[in-house]
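First residue of the sequence shown? That's 27 in our numbering, and the numbers climb one at a time after it. Notes for the one structure printed next.
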Amino acid sequence: MSNDYLSRTAFHPHILEVEAMKFMLLCCHEERKWDSMSKSECDAVMEETRAYCEELKKSGHLLAAEQLEPIQSARSVKVRNGKLAVTDGPFAETKEQLGGFFLISARDLDEAIQVASKFPSAQFGTMEVRPVTVAS
């Protein structure tokens with residue numbers, strides 16, 4: 027492994043024993059870009075992601091991960107004045123769509139950012155890193 031911050035911290039499970047925090051990594055990308063990739067390109071990204079997730083599981087960083095169905099399957103739900111409104115598609119009008127999430131454990135925000143930066147999808151999309159609120 028290289029001598030960067032992640033290799034010095036993230037792959038050493040004993041470090042997580044020191045007050046680890048939870049972070050949600052939201053994986054966003056343009057579905058049109060993904061759809062325009064060849065099957066072999068998509069398969070390569072998915073395999074790299076699976077391999078990285080295995081490393082993160084072994085190190086104790088990965089707590090949960092799920093891929094989402096395409097935005098065509100999304101529904102937005104809101105209730106106003108007691109009336110339910112359901113609309114097709116995601117709520118936000120953006121170039122990038124939420125494709126999945128990874129719940130990780132990291133020592134701090136810097137470590138969470140380093141973990142997020144190693145995901146293959148960060149090369150063509152965005153990984154939003156957000157601390158999870160600790161319930162009191």
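Every residue, glycine too, gets a C-beta built ideally from N, C-alpha and C. All of these numbers come straight from a predicted model, not from anything done at the bench.
Sequence-distant residues of the same chain with beta carbon closer than 7 angstroms to Met50, five excluded per side: Phe127, Leu129, Arg156, Val158
Through-space distance from Ser62 to Gln149, alpha-carbon basis: 15 angstroms
Cβ pair Gly115, Gln93 closer than 9 angstroms: no
For Met47, the three-state DSSP class (helix, strand or coil): strand
Any 3 or more C-beta pairs closer than 8 angstroms across the segment 129-144 and the segment 54-74: no
One or two residues paired with Lys104 in a DSSP bridge: Ala111
Three-state class that DSSP yields for Ser131 in the structure shown: strand
Cβ neighbours of Phe145 in the same chain (closer than 8 angstroms, five flanking residues each side left out): Leu51, Cys53, Thr75, Tyr78, Phe128, Met153
Glu154 - partner residues in DSSP beta bridges: Leu52
CA-to-CA distance, Ala111 to Arg101, given in whole angstroms: 10 angstroms
Segment limits, beta strand (DSSP E) that includes Leu82: Leu82 -> not in any beta strand (DSSP E); alpha helix (DSSP H) instead, spanning 65-85.
Buried or exposed (CB count within 10 angstroms, at least 16 for buried), Leu135: exposed
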